[in-house]
Amino acid sequence: MSGKERRGQLLEVARALFAEKGFDGASIEEIAHRAEVSKPVVYEHFGGKEGIYAVVVDREMQTLLDSVVSALSAGHPRELLEQAARALLDYIDTSTDGFRILVRDSPVASATGTFSGLLNDIASQVEHIFGLQFGSRGYDTELAPLYSQALVGMVALTGQWWLEARRPDKDEVAAHLVNLAWNGLSHLEHRPRLRTR
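Residue 59 in the UniProt record's numbering sits at position 59 of the sequence shown; the count goes up by one each step and never skips.
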């Protein structure tokens with residue numbers, strides 16, 4: 001294998017191991033064993049467990065952030081909400097190991113971002129959209145950060161629950177999230193549907 005191929009292989013092995021056992025449960029020895037290389041090969045590429053973990057977390061965070069930000073690029077506010085909820089659930093569905101890694105606690109000394117930091121990045125994007133919408137509708141734009149944190153928190157916590165539950169299906173989960181966020185408790189639809197699907 002070339003150095004680049006070996007690095008990619010080690011990252012995939014480490015990603016699966018961190019998802020399965022968490023940071024504390026994984027070891028360089030096991031990463032090396034599963035990749036069928038010696039420990040010095042892992043150290044050569046990443047410097048240690050913290051180094052390989054940082055790269056895995058950074059990649060997953062960027063993948064999820066790109067997905068959600070791209071979903072927030074255009075459309076009516078309700079469509080943006082549907083697309084963002086769907087983007088998170090799609091990521092959980094297709095990158096289950098990655099999401100498991102992100103929602104676990106990062107090591108205290110880690111210089112990499114955390115899941116809460118990622119949610120703040122997403123909330124900043126949502127805050128910008130809310131600010132524009134609030135301003136054009138006569139609402140107090142200073143409340144945009146509060147509403148963006150509330151919305152992103154609701155979707156993220158539901159995503160964590162759905163990671164294990166997997167029922168109902170992701171379109172139905174997204175429809176119910178949008179139902180609550182868009183209509184509020186006093187106007188919930190009995191059978192919500194996504195409009196963008």
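Even glycine gets a Cβ: it sits at the ideal position worked out from N, Cα and C.
In the structure shown, what three-state DSSP assignment does threonine 196 receive?
On the sequence shown, residue 196 is found 196 positions in, with the first residue counted as 1. In this structure, threonine 196 counts as coil in the three-state DSSP scheme.
Among Pro145, Thr141, Arg15, which one has its Cα closest to the Cα of tyrosine 54?
On the sequence shown, position 54 is the one that residue 54 refers to. The displayed chain sequence assigns alanine, not tyrosine, to residue 54. The shortest C-alpha separation from alanine 54 is found at Arg15.
Uninterrupted alpha helix (DSSP H) stretches inside the stretch 24-75 (no shorter than 4 residues):
28-35, 39-46, 49-71
Report the rounded CA-to-CA distance for arginine 7 versus serine 67, giving the unit in angstroms.
The count along the sequence shown starts at 1 and reaches residue 7 at position 7. The count along the sequence shown starts at 1 and reaches residue 67 at position 67. If I take the Cα positions, the gap works out to 24 angstroms.
Smallest Cα separation from glutamate 60: which of His45, His33, Val126, Ile92?
Here residue 60 is taken as the residue at index 60 of the sequence shown, counted from 1. Here the closest residue by C-alpha is Ile92.
Should glycine 98 go down as buried or exposed, given a rule of 16 or more other Cβ atoms within 10 Å for buried?
For this step, residue 98 is matched to residue 98 along the sequence shown. So glycine 98 ends up on the buried side.
What is the DSSP secondary structure of histidine 128, reduced to helix, strand or coil?
Locating residue 128 in the sequence shown gives position 128, where the first residue counts as 1. In the structure shown, histidine 128 sits in a helix (DSSP, three-state: H, G or I).
What residues in its chain sit with their C-beta under 6 angstroms from that of proline 107, if we drop five residues either side in the sequence?
The residue given as residue 107 occupies position 107 in the sequence shown. Note that proline 107 has pLDDT 48, beneath the 50 cutoff, so the model's placement of it is unreliable and no number is given.
N-terminal and C-terminal residue of the alpha helix (DSSP H) that arginine 78 is part of:
Locating residue 78 in the sequence shown gives position 78, counting from the first residue. Its alpha helix (DSSP H) spans residues 77-94.
Residue range of the alpha helix (DSSP H) that includes methionine 1
Sequence index remark: in the sequence shown, residue 1 carries index 1 (1-based). No alpha helix (DSSP H) holds methionine 1; DSSP gives it neither H nor E.
By a C-beta neighbour count over all protein chains shown, 10 Å radius and 16 as the cutoff for buried, is threonine 158 buried or exposed?
For the purposes of this step, residue 158 is taken as the residue at position 158 of the sequence shown. Buried, since its Cβ has 16 or more Cβ neighbours within 10 Å.
Leucine 11 to alanine 71 span [Cα, whole Å]
Position 11 of the sequence shown, counted from the start, is the residue given in the question as residue 11. Position 71 of the sequence shown, counted from the start, is the residue given in the question as residue 71. Distance between the alpha carbons of leucine 11 and alanine 71: 27 angstroms.
Which of helix, strand or coil does DSSP assign to leucine 143?
Here residue 143 corresponds to residue number 143 of the sequence shown, with the count starting at 1. The answer is helix: DSSP assigns leucine 143 an H, G or I state.
Given a cut-off of 8 angstroms on the beta-carbon distance, is the pair alanine 87 and leucine 177 in contact?
As a working mapping, residue 87 is identified with position 87 in the sequence shown. As a working mapping, residue 177 is identified with position 177 in the sequence shown. Not in contact: alanine 87 and leucine 177 (Cβ atoms no closer than 8 angstroms).
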